[in-house]
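J.:
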Amino acid sequence: MASWESFIAATTSGAPAHTSVVPAPAAPAVPPTLPAVPQQGYSPADTQQHQSPLPSLSPFQYQSQPTPSQPSYQGIRVTIPQQGSISSSGPTTPTPQTPVSGVPGTGTPIQETDLPPEMLVAGWRKFWSKREQRVYFWNRATGESLWDMPVGHNAHTSLPPGQHPPLPPQQQQQQYDPISDPLGIQNPTNGSTSSASASQSTANSSGLSSGLTSGLVSGLSGGVSVPPTALPVTPPGPGGGGIGSATTPTSSTPLSPSAPPIIAGIKRRASEEASGAPASKKFVLAGPWDLELATNVIMFERPPITLPQPHPSVEVLRGQLVAKLRLGYQEMCQAREGIDAPRDSFSRWLMERKVVDHGWDPLLPSQCFPEVSQSMYREIMNDIPIKLQRPKFTGEARKQLSKYAEAAKRMIETSRNASQESRKIVKWNVEDTFQWLRRTVGATFDDYMDRLAHLKRQCQPHLTEAAKQSVEGICTKIFNLSVEHAKKIREKHLQILEENNIREVGVPAVSGLRKVWCYPVQFTTPSPRPPPIDFMQDKDTTCLRYNGESLRINTPYFYKLEQLYRYNCFDDRKFELFLPRVWCLLKRYQTLLGTNPNEGHGTQGGLPVTVLECLHKHFSVTFECFASPLNCYFRQYCSAFPDTDSYFGSRGPILDFKPVCGSFEANPPFCEELMEATVRHFEKLLSESHEPLSFIVFIPEWREPAPSALLHLEASRFNRKQIVLLPFEHEYRHGFQHFMSKSEVILKSGHGTVAVWLQNDAGFSRWGPTPDKVDALLEAFRPGRERDRDRQEMLSPPRRDTNAEAPPPYVDVKSAPSLLAGSSPLAPPTAPSTVVPSAIMSASPSPAVPSAPASTSPASTTTI
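So the sequence shown is residues 1 to 864, counted in full-length UniProt numbering.
1) By Cβ distance below 6 Å, which residues in the same chain neighbour Val297 in space, the five residues on each side in sequence not counted?
2) State the DSSP-derived secondary structure class of Pro257, mapped to helix, strand or coil.
3) Would Ile723 and Leu777 be called neighbours here (beta carbons separated by less than 9 Å)?
4) Please report how far the alpha carbon of Met376 lies from the alpha carbon of Leu747, in whole angstroms.
5) Are there 16 or more other CB atoms within 10 angstroms of the CB of Ser550, so buried, or fewer, so exposed?
6) On the criterion of 16 or more Cβ atoms from any shown chain inside 10 Å, does Met536 qualify as buried, or is it exposed?
7) Counting C-beta neighbours from all protein chains within 10 Å, is the total for Lys468 16 or more, i.e. buried, or is it exposed?
8) Taking a contact to mean a Cβ-Cβ separation below 9 Å, would you say Tyr565 touches His738 in this structure?
9) Quick check on this structure: which residue in Phe619, Ser313 and Ile474 has the alpha carbon closest to the alpha carbon of Thr770?
10) How is Arg581 classed by DSSP in three states: helix, strand or coil?
11) Please state if the CB of Lys487 and the CB of Leu317 are separated by a distance shorter than 9 Å.
12) DSSP three-state label for residue 869, please.
13) If you drop the 5 nearest sequence neighbours on each side, which residues of the same chain put their C-beta closer than 7 Å to that of Pro288?
14) Thr444: buried (16+ other C-beta within 10 angstroms of its C-beta) or exposed?
15) Tell me the rounded alpha-carbon separation between Lys324 and Val516.
16) Counting only the same chain and skipping the five closest in sequence on each side, list residues whose C-beta sits under 6 Å from that of Ile496.
17) When the distance is taken between beta carbons, is Ser646 closer than 9 Å to Pro520?
18) What does a CB cutoff of less than 8 Å around Leu350 pick up in its chain, not counting 5 residues either side in sequence?
19) Grouping DSSP H, G and I as helix and E and B as strand, with all else coil, what is Lys126?
20) What number of angstroms, rounded off, separates the C-alpha of Gly750 from the C-alpha of Leu725?
21) Would you check if the stretch 686-701 and the stretch 756-768 touch, i.e. whether three or more CB-CB distances between them fall below 8 Å?
22) DSSP three-state call for Met351: helix, strand or coil?
23) When you compare only the Cα positions, how much space is there between Ser221 and Ser694?
24) Relative to the C-alpha of Val471, which candidate in Glu371, Leu321, Gln111 and Gln458 has its C-alpha closest?
25) For the stretch 450-467 against the stretch 404-417, are there 3 or more C-beta pairs whose distance is under 8 Å?
26) Tell me the DSSP secondary structure of Gln537 in three-state form.
27) Mind checking whether Glu676 and Ser347 have CB atoms under 9 Å apart?
28) Compute the beta-carbon to beta-carbon distance between Ala780 and Cys614, rounded to the nearest angstrom, for a pair I have assumed lies under 8 Å.
29) Reducing DSSP to helix, strand and coil, say where Gln469 ends up.
30) Using C-beta distances below 7 Å, list every residue in its chain close to Gly359, excluding the 5 sequence neighbours before and after it, in chain order.
31) Please report the straight-line C-alpha distance between Met1 and Glu504, rounded to a whole angstrom.
32) In whole angstroms, what separates the C-alpha of Asp788 from that of Val754?
33) Kindly indicate the opening and closing residues of the beta strand (DSSP E) around residue 897.
34) Run through DSSP, which three-state label would Ser345 get?
35) Which one of Gly442, Ala418 and Leu401 has the shortest CA to CA distance from Glu431?
36) Phe764 lies in the alpha helix (DSSP H); which residues open and close that run?
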């Protein structure tokens, strides 16, 4: 629970502008400490400063690095007034929102911002002096500190209460007073600057604060309370200037045109409050990703999950049981139907079952209805009586026709469930086919393919009826075995928790009414102590070994996992659990995809890097709906496994993720049930949100027959535009890119791809698919573009621009429609750039759909 509380506070410490600040309720007694903010940029290799793009790390660096303490958070709470609430009717009523600041400790709880709004604007903060054991007040703008609460004792009405006009230079030496300056900040003997520079700094700070106060008051109508401080509109994180960024304003930073100058000799503050401190160096990891892009996705706050945290010994057991289940599936197909298990069928079965599964195991289905999987049933039936493949030559087509006729006759004769009528029809069609083969000489390739299609149309319904009971038995048996294996894994988890004296914790109550920046999945159950993991690394490959089982990963992807872990894991700043969690991650995906190199990559393929760059540049996409820590491009994404992937930035499965604002890319695995559930989920989100929401969906163009997901997409009322990419005219990245050589990663697509823009009205007005933007996307899909990009980066590495579009602030539910107003804090979308498509993409797209009234009109389609 401590990691959950600290994470919620950390992710919301950068609250946006236009907020009102109210004191939080008193906190229970804790030891007195100065307020602290957790540091975001801790690295296990900070002492090396990453001298090369791919530094060589030794195992001890993940276990022996110090880290700052993590205090609990109480702080202020922020709300956003309802739209139109700034009027002469008076101040608005605050609503409790996400805490964004820290608290000190025991005795009477001291809150830094527990002051009147006028004093907060003037730069005053309240702290606890450990030396004197009493409260004192400090002004961030002037450096002045007082024992007593500042009051409006100066006669200068232009200055806020508690601020004093700058003293003449000749009086600077007598400024120190043990009553008004108890910490000796202005004492010349403590190393302060000269009187002239101190006077100039104080004057500059006072001028900024007074100008800020008068500007805020003059900009509001009469009777409206002045906002005490301005909060940042960028999301937390290293890319967006969030937690740990020295240049990003926090809840205690006064709103000013420029940061006030640093006064030498003042009391040392936290790094986030050192407004003039030089920005620390930030390591940017190069590769086919951009982990510095901040998110623009907002969601409702959600509770942590009750799944136990992963453990290497549990993953070993899960891998053994899943491999046993996969082997049993192959043996049952061979014994009962005389065919091999369809390729990737088992992996697709796991994904299809998770659409309807309510069990607790993240991989194996254990609570599904109905028990018979339609995906597995359909794929087995398609391979009965034999698996048909597209022949290349006329001789192969003739041979396949003959084999299909013989297998159909043999199956119908040996089946005990076939009716007499079915036997007659199948035997008659088989004999007719054999006679055609004997009397036909010089038939063409198309003749054989037409005859095969005719024979299958006549025989397949009767063969399906004869094999129905047997195939359903296979599906039911596999599911029942999966339930038993899930129970064994559950028992193993409970045993480990008991050995570590850890009790399972229930889900804490969450109101669900607060809107926050999207954050990774959190846990209710603490992590048990993991076993040691052997770590070996060379220039190209990193090997992790546990209990004699080694898992390999390309070294650049290992550093990628390290960077994602640094950005997203909040309970292990010392990287003590990093290696065990990486091993569990690799083992989980190996278990999902299988050990056969010919399986699995179809479910994990990704879009080319040039396409994702284009989506971010022209449509402000910052989130992938189907990714993994191994193949993600952004540092925020949804993935299949919330337990192993959450440490590396996963927001959980997409069907459990409910955003209200943001721009997304969705490239689902080729599982029809999952694609259909995803489209329905997107439509529900679009219909419920009034804020800008956009999903750019890429699915295969299958037409014979067309999957229900494709038909649903094309008929959706949120379909603003769709384009079609022809087969072999665009590329994908291999699903095993994390351990394959770079030359084998790019694959040409053997099927067409449909890209559809699903957007609500606000999303269409902000990120609509204009002709120039669509042309740029078509150009990014052109084959060879990613190789050209890599070659250009090697010749002249570009200067990375990490300034993403500023996302909207935290919004109260009652004022959600305010984001649609003309004064939305979102920055306008990037102006589209004109890109001339290549020769194979010369067809220009149709005009963009008009904005408001066109929500129900059919979308335009472009084929390339």
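All C-beta atoms in this analysis are idealised placements derived from N, C-alpha and C, irrespective of residue type, glycine included. Keep in mind that this is a model prediction, so the values were computed, not measured.
T.: So, to answer that:
1) Here residue 297 refers to the residue found at position 297 of the sequence shown. Cys518, Phe623, Pro659 and Gly662, listed in sequence order.
2) Against the sequence shown, residue 257 aligns to sequence position 257. Bear in mind that the predicted position of Pro257 carries a pLDDT of just 35, short of 50, making it too unreliable to give a figure here.
3) Stepping through the sequence shown from its first residue, residue 723 is reached at position 723. Stepping through the sequence shown from its first residue, residue 777 is reached at position 777. The answer is yes: Cβ separation under 9 Å.
4) As a working mapping, residue 376 is identified with position 376 in the sequence shown. As a working mapping, residue 747 is identified with position 747 in the sequence shown. So the two alpha carbons sit approximately 27 Å from each other.
5) The residue you call residue 550 lines up with position 550 of the sequence shown. In the assembly as shown, Ser550 is an exposed residue. Its beta-carbon has fewer than 16 other beta-carbons within 10 Å.
6) Here residue 536 corresponds to residue number 536 of the sequence shown, with the count starting at 1. So Met536 ends up on the exposed side.
7) Locating residue 468 in the sequence shown gives position 468, where the first residue counts as 1. Lys468 is exposed by the Cβ-count criterion.
8) Counting from 1 along the sequence shown, the entry for residue 565 is found at position 565. Counting from 1 along the sequence shown, the entry for residue 738 is found at position 738. In this structure, His738 does not lie closer than 9 Å to Tyr565 by Cβ.
9) Taking the sequence shown and counting its residues from 1, one reaches residue 770 at position 770. Among Phe619, Ser313 and Ile474, the Cα nearest to that of Thr770 is on Phe619.
10) In the sequence shown, residue 581 corresponds to position 581, counting from 1. Helix.
11) Taking the sequence shown and counting its residues from 1, the one referred to as residue 317 is at position 317. Taking the sequence shown and counting its residues from 1, the one referred to as residue 487 is at position 487. Their beta carbons are not under 9 Å apart, which means Leu317 does not touch Lys487 by this criterion.
12) Residue 869 cannot be examined here, being either before or after the span of the chain that is shown, 1 to 864.
13) By 1-based counting over the sequence shown, the position of residue 288 is 288. Cβ within range, chain order: Val609.
14) As a working note, residue 444 is residue 444 in the sequence shown. With fewer than 16 other Cβ atoms within 10 Å, it is exposed.
15) Reading the sequence shown from its first residue, position 324 is the one you call residue 324. Reading the sequence shown from its first residue, position 516 is the one you call residue 516. Rounded to the nearest angstrom, the two C-alpha atoms are 43 Å apart.
16) Numbered from its first residue, the sequence shown carries residue 496 at position 496. Excluding sequence neighbours, Ile496 sits near His311 and Pro528.
17) The sequence position of residue 520 within the sequence shown is 520, counting from 1. The sequence position of residue 646 within the sequence shown is 646, counting from 1. Taking 9 Å as the Cβ cut-off, Pro520 and Ser646 qualify as a contacting pair.
18) Walking along the sequence shown from the start, residue 350 turns up at place 350. Leu363, Leu364, Pro365 and Leu592.
19) Counted from its first residue, the sequence shown places residue 126 at position 126. Three-state DSSP puts Lys126 in a strand.
20) Reading the sequence shown from its first residue, position 750 is the one you call residue 750. Reading the sequence shown from its first residue, position 725 is the one you call residue 725. Put simply, the backbone Cα of Gly750 is about 11 Å away from that of Leu725.
21) yes
22) Numbered from its first residue, the sequence shown carries residue 351 at position 351. In this structure, Met351 counts as helix in the three-state DSSP scheme.
23) Counting from one through the sequence shown, the residue named residue 221 turns up at place 221. Counting from one through the sequence shown, the residue named residue 694 turns up at place 694. Low confidence applies to Ser221: its pLDDT is 35, below 50, so where it sits in the model is not reliable, and the reading given next is rough at best. Computed Cα separation, rounded: 36 Å.
24) Within the sequence shown, residue 471 is the residue found at index 471, counting from 1. Ranked by how close their Cα comes to the Cα of Val471, the residues Glu371, Leu321, Gln111 and Gln458 have Glu371 in first place.
25) yes
26) Reading the sequence shown from its first residue, position 537 is the one you call residue 537. Residue state, collapsed to three classes: strand.
27) The residue you call residue 676 lines up with position 676 of the sequence shown. The residue you call residue 347 lines up with position 347 of the sequence shown. For Glu676 and Ser347, no; Cβs fall outside 9 Å.
28) Working through the sequence shown from its first residue, we reach residue 780 at position 780. Working through the sequence shown from its first residue, we reach residue 614 at position 614. Contact flag correct, Cβ pair sits at about 4 Å.
29) Reading the sequence shown from its first residue, position 469 is the one you call residue 469. Reduced to three states, the DSSP call for Gln469 is helix.
30) Within the sequence shown, the letter at position 359 stands for residue 359. Counting only residues of its own chain and dropping the five nearest sequence neighbours on each side, Gly359 has a CB closer than 7 Å to the CB of Pro365, Ser366, Gln367 and Ala486.
31) Counting from one through the sequence shown, the residue named residue 1 turns up at place 1. Counting from one through the sequence shown, the residue named residue 504 turns up at place 504. At Met1 the pLDDT is 47, less than 50, meaning the model places this residue with poor confidence; the figure from the coordinates comes in the next sentence. Taking C-alpha positions only, Met1 is separated from Glu504 by approximately 11 Å.
32) Your numbering for residue 788 matches position 788 in the sequence shown. Your numbering for residue 754 matches position 754 in the sequence shown. Rounded to the nearest angstrom, the two C-alpha atoms are 24 Å apart.
33) The question about residue 897 has no answer here: the residues shown for the chain are numbered 1 through 864.
34) For the purposes of this step, residue 345 is identified with residue 345 of the sequence shown, where counting begins at 1. Ser345: helix per DSSP, three-state reduction.
35) The sequence position of residue 431 within the sequence shown is 431, counting from 1. Comparing Cα-Cα distances from Glu431 to each of Gly442, Ala418 and Leu401, the minimum goes to Leu401.
36) By 1-based counting over the sequence shown, the position of residue 764 is 764. Taken as a continuous stretch (DSSP letters only), the alpha helix (DSSP H) holding Phe764 covers Asp761 to Trp767.
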